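A short write-up of the structure that comes next.
2 protein chains.
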Amino acid sequence: MTKTGNEDSIRVAVSAVTLTLRRESEEESPHIVLPLVRRTREPHLGDWALPGGWLDAQEGLEEAASRTLAETTGLAPSYLEQLYAFGAVDRSPTRTISVVYWALLPSDAVDRQIAAYRAAGHAPENVQWFEVADLPPLAFDHAQIIHYALWRLRNKVGYSRVAHGFLPPEFTLAELRDAYEAILQRRLDPANFRRQVEASGTLIPTDRFRTGSHRPARLYRYNTDVELADRGPLAPEETRTP
Amino acid sequence: MTKTGNEDSIRVAVSAVTLTLRRESEEESPHIVLPLVRRTREPHLGDWALPGGWLDAQEGLEEAASRTLAETTGLAPSYLEQLYAFGAVDRSPTRTISVVYWALLPSDAVDRQIAAYRAAGHAPENVQWFEVADLPPLAFDHAQIIHYALWRLRNKVGYSRVAHGFLPPEFTLAELRDAYEAILQRRLDPANFRRQVEASGTLIPTDRFRTGSHRPARLYRYNTDVELADRGPLAPEETRTP
DNA sequence: TCAAAAGTGTTTAAAGTACACCCATGA
DNA sequence: TCATGGGTGTACTTTAAACACTTTTGA
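Keeping their order, the protein sequence lines are chains E and D. Reading the first sequence from the start, the letters are residues 1 to 242 in this note's numbering. Reading the second sequence from the start, the letters are residues 243 to 484 in this note's numbering.
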């Protein structure tokens, strides 16, 4: 077993792929968007990168991902899960291990958090939101990372209720279906979709209705007895005693 | 964004949960076993730990996992996948990020590799194999890690052909079923199991038969057109250009 | 009253489960 | 010849998919 290597020159960074839904107009279906940060120094100066930063010695990985995301964008996601640890030798000129997280956020929470962030005096002029289908030139291996995050999301939506991470506490079945359709990139039958989610026991009907145009739709909320996503024997917070 | 932290005092380690099947006798069904290393120094002196070591600055993560596993046990797995990056502050007295991999190996390959390892002059006296159902006192958070690896294996066996990682190139359907039963911890109907794997298109029948007792069983081999496990948009080797 | 989305019912296909039964071999 | 696992057939249950149909609202 190698006890000493050049491990002193290896640095640990964290990044986050933070996804939310944005609806351009009332008519069309929503798209998945994420915030990127324009790099202000080499390497990859001018390219766009995932929000992140260096891991601090006094904090856990998930903690660091939350902190750096909040520092650069002002966002605090409702769902955060580790994606992968990237550590290819040539992924950066300085040897860097990036532990990447992926996060989901309801669009109304994004608006509120960004407003609060600006009100607190921050002007994130190097942060911009992009549709995942139309990404700018990306720094490092971040394009690969984003595609992997989207793959995980598409995968996980099939066997857990992660899609709810995109929605506010109360929502209609059409809004939930819109989220699924944006994730899976295909249309779902409204009738069958209704029956499936009703049978899954993850939803609780409320007495309230969304009264836009046409027939009012019942509002539902999460059944908090059901986990947002199955993470197996790992606790939601990894900072628990071994 | 925090540009400088105490990142110099953070070290990166790699470990591997290496699983194989061991059949105690011809009669009973096989069990999942893994190699552990007895710690010869503090912390956790005398406890058992996953094989691993420090990440070298010149190697990728997967590369380091293979190297340290080979150095401590002489094993070279047929399947290797990243499990998780563990980084809780209190998981070790010195701040350590452990990038853990999980690996599968056919039992006949284990025997061959260990024989070759001993023939090359190595005497791994601190390495011992344990059934996953009967683990000794483990160092750090390694018990949690092993249970997570087993959960991933059980999960993945449902939608990919990872179970083949336990088997030699040619095998009978009963041997494949034994692997599934050991992983899932429940009996499977032989008739339905046969039809399911035949329909999946992952197996190619050979002209050879296993002629033990009773009626000879046809030998099958992998259809190499099908991936061993779905890893999404990530290449099998993470060391590819961004 | 009409367009459009909410919500219900029904039919068909596919996939999974249970289990009876025949086949081929070594002892 | 018989016990045993290899291998096939079939009926039944559950799940998913397709789509016709009714209900309720705003304009």
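In this text, a Cβ means the ideal position worked out from N, Cα and C, and glycines have one as well. Please read all numbers here as calculations on a predicted model, not as lab measurements.
Measure the alpha-carbon distance for residue i versus residue j and round it to whole angstroms.
i: residue 47 (chain E); j: residue 131 (chain E); result: 16 Å
i: residue 181 (chain E); j: residue 99 (chain E); result: 29 Å
i: residue 303 (chain D); j: residue 405 (chain D); result: 24 Å
i: residue 278 (chain D); j: residue 371 (chain D); result: 6 Å
i: residue 522 (chain D); j: residue 410 (chain D); result: No statement about residue 522 (chain D) is possible, as the shown extent of chain D runs from 243 to 484 and does not include it.
i: residue 22 (chain E); j: residue 417 (chain D); result: 51 Å
i: residue 387 (chain D); j: residue 63 (chain E); result: 20 Å
i: residue 294 (chain D); j: residue 196 (chain E); result: 45 Å
i: residue 207 (chain E); j: residue 32 (chain E); result: 30 Å
i: residue 465 (chain D); j: residue 401 (chain D); result: 16 Å
i: residue 436 (chain D); j: residue 148 (chain E); result: 34 Å
i: residue 319 (chain D); j: residue 106 (chain E); result: 42 Å
i: residue 212 (chain E); j: residue 190 (chain E); result: 18 Å
i: residue 355 (chain D); j: residue 323 (chain D); result: 20 Å
i: residue 49 (chain E); j: residue 142 (chain E); result: 7 Å
i: residue 124 (chain E); j: residue 19 (chain E); result: 18 Å
i: residue 126 (chain E); j: residue 339 (chain D); result: 30 Å
i: residue 200 (chain E); j: residue 188 (chain E); result: 16 Å
i: residue 458 (chain D); j: residue 426 (chain D); result: 26 Å
i: residue 364 (chain D); j: residue 317 (chain D); result: 12 Å
i: residue 415 (chain D); j: residue 461 (chain D); result: 7 Å
i: residue 152 (chain E); j: residue 120 (chain E); result: 34 Å
i: residue 4 (chain E); j: residue 296 (chain D); result: For residue 4 (chain E), the predicted structure reports a pLDDT of 45, less than 50, and the residue's modelled location is therefore unreliable. A value from the coordinates is still provided. If you take the alpha carbons of residue 4 (chain E) and residue 296 (chain D), they lie about 7 Å apart.
i: residue 382 (chain D); j: residue 360 (chain D); result: 29 Å
i: residue 161 (chain E); j: residue 202 (chain E); result: 8 Å
i: residue 177 (chain E); j: residue 88 (chain E); result: 38 Å
i: residue 92 (chain E); j: residue 13 (chain E); result: 12 Å
i: residue 408 (chain D); j: residue 308 (chain D); result: 17 Å
i: residue 468 (chain D); j: residue 399 (chain D); result: 14 Å
i: residue 428 (chain D); j: residue 375 (chain D); result: 14 Å
i: residue 209 (chain E); j: residue 258 (chain D); result: 52 Å
i: residue 79 (chain E); j: residue 108 (chain E); result: 15 Å
Could you list which residues in chain D have their beta carbon closer than 7 Å to that of residue i, in chain order?
i: residue 9 (chain E); result: 299
i: residue 148 (chain E); result: 474, 475 and 476
i: residue 82 (chain E); result: 326 and 327
Can you pull the chain D residues whose beta carbon is under 9 Å from the beta carbon of residue i, in chain order?
i: residue 151 (chain E); result: 474, 475 and 476
i: residue 61 (chain E); result: 327, 328, 329, 330 and 339
Who pairs with residue i in a beta bridge, going by DSSP?
i: residue 130 (chain E); result: E:34
i: residue 151 (chain E); result: Note: residue 151 (chain E) sits in no beta bridge, so no partner.
i: residue 295 (chain D); result: D:256
i: residue 447 (chain D); result: D:462
i: residue 29 (chain E); result: In DSSP, residue 29 (chain E) forms no bridge with anything.
i: residue 345 (chain D); result: D:260 and D:322
i: residue 452 (chain D); result: D:459
i: residue 340 (chain D); result: D:255 and D:328
i: residue 170 (chain E); result: E:221
Compare the C-alpha of residue i against each of the options and name the closest.
i: residue 137 (chain E); options: E:223, E:15 and E:38; result: E:38
i: residue 247 (chain E); options: E:110, E:228, E:159 and E:214; result: Since the first residue shown for chain E is 1 and the last is 242, residue 247 (chain E) is missing from the structure and cannot be characterised.
i: residue 396 (chain D); options: D:286, D:309 and D:471; result: D:471
i: residue 412 (chain D); options: D:446, D:440 and D:421; result: D:446
i: residue 310 (chain D); options: D:345, D:452 and D:451; result: D:345
i: residue 232 (chain E); options: D:326, D:316, D:271 and D:272; result: D:326
i: residue 270 (chain D); options: D:452, D:314, D:307 and D:421; result: D:421
i: residue 299 (chain D); options: E:115, E:10 and E:117; result: E:10
i: residue 357 (chain D); options: D:451, D:315 and D:452; result: D:315
i: residue 234 (chain E); options: D:452, D:284 and D:392; result: D:392
i: residue 337 (chain D); options: E:59, E:30 and E:95; result: E:59
i: residue 285 (chain D); options: D:332, D:463 and D:267; result: D:332
Note down, in chain order, every chain E residue with its Cβ under 7 Å from the Cβ of residue i.
i: residue 254 (chain D); result: 7, 10, 12 and 97
Which stretch, first to last residue, makes up the beta strand (DSSP E) that contains residue i?
i: residue 140 (chain E); result: That residue, residue 140 (chain E), is in no beta strand (DSSP E); it is neither H nor E in DSSP.
i: residue 262 (chain D); result: 253–264
i: residue 178 (chain E); result: That residue, residue 178 (chain E), is in no beta strand (DSSP E); its alpha helix (DSSP H) goes 173–184.
i: residue 435 (chain D); result: That residue, residue 435 (chain D), is in no beta strand (DSSP E); its alpha helix (DSSP H) goes 432–442.
i: residue 322 (chain D); result: 321–328
Name the chain E residues whose beta carbon is nearer than 9 Å to that of residue i?
i: residue 355 (chain D); result: Going along chain E, no residue has its Cβ under 9 Å from residue 355 (chain D), so there is no contact; the nearest lies around 18 Å.
i: residue 427 (chain D); result: Simply none; closest approach about 15 Å.
i: residue 438 (chain D); result: Result: empty, since nearest Cβ-Cβ is about 19 Å, beyond 9 Å.
In the DSSP assignment, find the alpha helix (DSSP H) that holds residue i and state where it starts and stops.
i: residue 314 (chain D); result: 303–315
i: residue 107 (chain E); result: 107–119
Strictly below 8 Å CB to CB, what residues from chain D border residue i?
i: residue 128 (chain E); result: Going along chain D, no residue has its Cβ under 8 Å from residue 128 (chain E), so there is no contact; the nearest lies around 16 Å.
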